[in-house]
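What follows is a short report on a single structure.
Residue numbers (mature numbering (1 follows the signal peptide of the UniProt record, and there is no 0)): -22 to -1, 1 to 263.
What follows is the structure, encoded as structure tokens:
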């Protein structure tokens, strides 16, 4: 008898659970609920990246009618590992990350800034180093081996074009590079104009640019191929539309998407394949 009662209760519990699940699925909007992971390359400290990207992620979520989860990483190698696994649905990555992930996950560039990306080398303002030639035999700090403009391309130019011998030190973020230069722990450091512009004034005033690389198409906001084409188009339109009002333009500027334009792998990023930078790439473990 007890066995019969138990079976009956268990059956009713199962049926009620099934009915509740069906009702939830049938609820208005439930079937349309979507969630996307937006990952951002950690070119600066996570708190700084959060401040620069969370307002844009919120506005993008409103436009898409979906949840957009901003994913932050402590260091660039951790971000690269996530890309290699295809975890982010959307990812703001450096140009060479796009080349690397295209071979593994097939990320598609959607939109980029209309302004070219250049790398810079900075020294202390009172440093005796006046030109890039003065860095021969010196120690240079970089954010990470595969940070494109501030490390990968910069190291290739220093080595192959400028014939500079140097000892590289990898410091995770642009913020750390600038601080190590100021403290005299490295002779110079790699960065980009955007991160130097948004450094604290007290730090920025102690630095001086001694070299700027040629420009290339900047970081794209790319999408994993599993994301439906309609959603890709909606993301692109949402970003482009933000440039139509002052608040939106400010969000885009902080997120390195000033004057946004549609991105193309063939037209924008495929030329980077010819630079021969693979010899300078350091694969994440």
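We treat Cβ as the ideally placed atom computed from N, Cα and C, and that holds for glycine.
Selection from the options that minimises the alpha carbon distance to residue i
i: residue 243; options: 94, 229, 149 and 198; result: 198
i: residue 251; options: 44, 37, 80 and 63; result: 80
i: residue 211; options: 137, 117 and 87; result: 87
i: residue 159; options: 131, 104, 130 and 176; result: 104
i: residue 151; options: 168, 178 and 261; result: 168
i: residue 308; options: 195, 249 and 35; result: With the chain running from -22 to 263 in the structure shown, residue 308 is simply not present.
i: residue 184; options: 175, 191 and 190; result: 175
i: residue 220; options: 261, 239 and 205; result: 239
i: residue 195; options: 131, 50 and 149; result: 131
i: residue 136; options: 118, 148 and 124; result: 118
i: residue 62; options: 202, 228, 25 and 145; result: 202
i: residue 54; options: 180, 33, 17 and 89; result: 17
i: residue 245; options: 67, 56 and 89; result: 89
i: residue 257; options: 60, 123, 141 and 205; result: 123
i: residue 253; options: 205, 126 and 22; result: 126
Buried versus exposed call for residue i [16 or more other C-beta atoms within 10 Å across all chains shown]
i: residue 97; result: buried
i: residue 193; result: exposed
i: residue 82; result: exposed
i: residue 52; result: exposed
i: residue 19; result: buried
i: residue 109; result: exposed
i: residue 200; result: buried
i: residue 162; result: exposed
i: residue 226; result: buried
i: residue 143; result: exposed
i: residue 261; result: exposed
Residues near residue i by beta carbon distance below 7 angstroms, same chain, minus five either side
i: residue 107; result: 101, 113, 165, 166 and 188
i: residue 13; result: 44, 45 and 47
i: residue 57; result: 17, 19, 20 and 51
Identity of the residues DSSP links to residue i by a beta bridge
i: residue 117; result: 145
i: residue 198; result: 90
i: residue 49; result: 17
i: residue 126; result: For residue 126, which the question treats as bridged, DSSP gives no partner whatsoever.
i: residue 99; result: 168 and 189
Other residues of its chain near residue i: CB distance less than 6 angstroms, five sequence neighbours each side excluded
i: residue 247; result: 73 and 76
i: residue 84; result: 203
i: residue 116; result: 144 and 165
i: residue 133; result: 258
Cβ shell of residue i (< 8 angstroms), same chain only, five flanking positions each side left out
i: residue 93; result: 196, 236 and 237
Does the contact criterion of 3 or more C-beta pairs under 8 angstroms hold for the stretch 213 to 222 versus the stretch 38 to 47?
Yes, the stretch 213 to 222 touches the stretch 38 to 47.
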